[in-house]
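Numbering (this note's numbering), first residue to last: 74 to 496.
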């Protein structure tokens with residue numbers, strides 16, 4: 074039995090034992106709803122949150138919990154991308170705190186009040202951020218900082234706020250302020266967390282990403298190396314998602330610095346991690362990683378090993394349902410196979426794509442024409458001039474039949490036909 078199920082059994086037993094007028098009833102109902110929320114069970118979570126709100130209790134402490142329940146309901150709607158409903162409940166939570174909680178409260182409740190208010194403003198800021206309303210999100214974070222003025226300078230809540238502000242400024246394309254706030258968050262974490270804590274790795278990676286966005290590869294490199302060192306040593310709660318980001322960034326930097334062997338080793342570590350940790354094999358990312366490795370191998374004359382990785386990439390892509398992203402990656406893989414002289418395998422994958430497009434429900438004439446054009450280039454590479462002429466002509470016919478005359482592919486088809494005829 075998992076931890077959530079154990080907690081649910083405990084809270085349900087409490088509900089059976091508590092009297093209807095017990096002062097902790099709302100707390101228990103909220104906590105039970107929260108276990109279901111964290112499990113992703115929206116219906117059950119909402120059921121218990123609504124029961125908690127239905128309790129008629131005029132005490133200040135009860136109102137505090139009503140605000141928390143509204144905040145949890147908002148978070149539930151937010152996780153299901155129902156952002157307008159999330160805002161309704163966040164605002165209701167704030168309204169409860171403003172109108173129902175008296176000034177004459179204990180120090181304990183006052184601290185809970187500040188924490189609750191900060192949580193609500195963080196939530197509202199996240200919603201505004203998701204909606205692209207960055208100025209409103211910034212105003213919410215400023216409200217959070219007001220509630221945190223009395224906190225010790227190395228308090229973890231301040232690190233969270235600075236981290237979120239850094240992400241927001243990054244979205245607002247304000248690199249210097251984003252970097253400044255991410256570094257503030259990191260400095261607090263360095264003073265308050267153990268040196269191998271995964272959160273430190275996330276902060277190092279966030280700073281590295283900002284520097285990488287500014288093309289400052291030399292400055293970004295040590296941050297990603299530090300993140301990698303922490304994450305590879307963290308065995309208790311390994312943060313695989315951040316580690317994947319770190320590997321991709323490191324490989325990119327090593328490529329830019331022309332440290333190709335190190336880049337290949339880093340890509341391979343990423344590839345092995347993806348295969349080991351993807352819950353329902355992440356075929357797209359595995360394929361993309363294999364494609365990068367194969368491309369680098371080929372660039373450094375390891376042709377056979379490069380082809381092997383391209384084949385692995387193609388096999389993973391073909392396991393995905395049809396989509397534009399899948400189509401684009403498979404084309405890149407095929408072009409790499411074609412470039413390295415593996416025309417037979419390139420042709421096989423093109424024909425599979427072509428068959429999928431012809432038998433699919435929503436046929437795309439531009440896509441079909443593109444596939445015919447690519448098939449033509451493969452036959453032409455094999456000095457077979459009958460095959461390419463046929464495919465170039467079919468591609469052009471498809472484009473003209475659907476009045477696609479201004480696309481660059483139309484001009485390419487005309488050019489390819491002329492070149493084959495001249496030969």
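Beta carbons are placed, not taken as given, at the ideal position from N, Cα and C, and that holds for glycine.
How about the region 162-169 and the region 107-120: do they share at least three Cβ pairs that are nearer than 8 angstroms?
The region 162-169 vs the region 107-120: no contact.
So is residue 280 buried or exposed if we call it buried at 16+ other beta carbons inside 10 Å?
Per the 10 Å Cβ criterion, buried.
Return the CA-CA distance between residue 489 and residue 473, expressed in angstroms with no decimal places.
Approximately 16 angstroms, taken between the alpha carbons.
Does DSSP put residue 113 in a helix, in a strand, or in coil?
It is coil, neither helix nor strand.
Per-residue DSSP class, three states only, for residue 271:
In the structure shown, residue 271 sits in a helix (DSSP, three-state: H, G or I).
DSSP three-state assignment for residue 133, whether helix, strand or coil:
Note that residue 133 scores 47 on pLDDT, short of 50, meaning its location in the model is unreliable; the coordinates nonetheless yield the value given after this. The answer is helix: DSSP assigns residue 133 an H, G or I state.
Assess contact between the region 239-254 and the region 263-272, defined as three or more Cβ pairs (one per stretch) separated by less than 8 angstroms. Is contact present?
Too few Cβ pairs lie closer than 8 angstroms, so no.
For a test of the three-state rule: what should DSSP assign to residue 291, helix, strand or coil?
The answer is helix: DSSP assigns residue 291 an H, G or I state.
Pick helix, strand or coil for residue 253, following the three-state DSSP scheme.
If DSSP states are grouped into helix, strand and coil, residue 253 belongs with the helices.
From what residue to what residue does the alpha helix (DSSP H) around residue 266 run?
Note, residue 266: premise wrong, no alpha helix (DSSP H); not H, not E.
List, from N- to C-terminal side, the beta strand (DSSP E) runs of 3 residues or more that fit wholly inside the region 194-260.
Segments of the beta strand (DSSP E) lying fully in the region 194-260: there are none.
Residue 355 by DSSP, collapsed to three states: which one?
Note: residue 355 maps to coil in three-state DSSP.
So what's residue 389 in DSSP terms, helix, strand or just coil?
DSSP, reduced to helix, strand and coil, places residue 389 within a helical segment of the structure shown.
Determine the closest residue to residue 235 out of 271, 274 and 195, with distance taken between C-alpha atoms.
Of 271, 274 and 195, the residue nearest in Cα terms is 195.
With C-beta atoms as the reference, is residue 442 less than 8 angstroms away from residue 482?
Result yes, Cβ atoms of residue 442 and residue 482 sit closer than 8 angstroms.
Helix, strand or coil, according to DSSP, for residue 96 in the structure here?
Of the three classes helix, strand and coil, the one that applies to residue 96 here is coil, per DSSP.
For residue 320, which option in 346, 334 and 307 has the closest C-alpha, if you only look at C-alpha atoms?
With respect to the C-alpha of residue 320, the residue from 346, 334 and 307 having the closest C-alpha is 346.
CB residue 405 to CB residue 364, shorter than 8 angstroms?
Their beta carbons are under 8 angstroms apart, which means residue 405 touches residue 364 by this criterion.
Helix, strand or coil at residue 396 [DSSP, three-state]:
Looking at residue 396 - three-state DSSP - the assignment turns out to be coil, as it is neither helix nor strand.
State the Cα-Cα distance for the pair residue 193 and residue 212, rounded to the nearest angstrom.
Their Cα atoms are separated by approximately 13 angstroms.
Same chain only: Cβ atoms within 6 angstroms of residue 166, ignoring 5 sequence neighbours per side:
Closer than 6 angstroms at Cβ, skipping near neighbours: 140, 143, 144 and 193.
Figure out for me which residue from 394, 168, 243 and 390 has the closest Cα to the Cα of residue 285.
In terms of CA proximity to residue 285, 243 leads the group 394, 168, 243 and 390.
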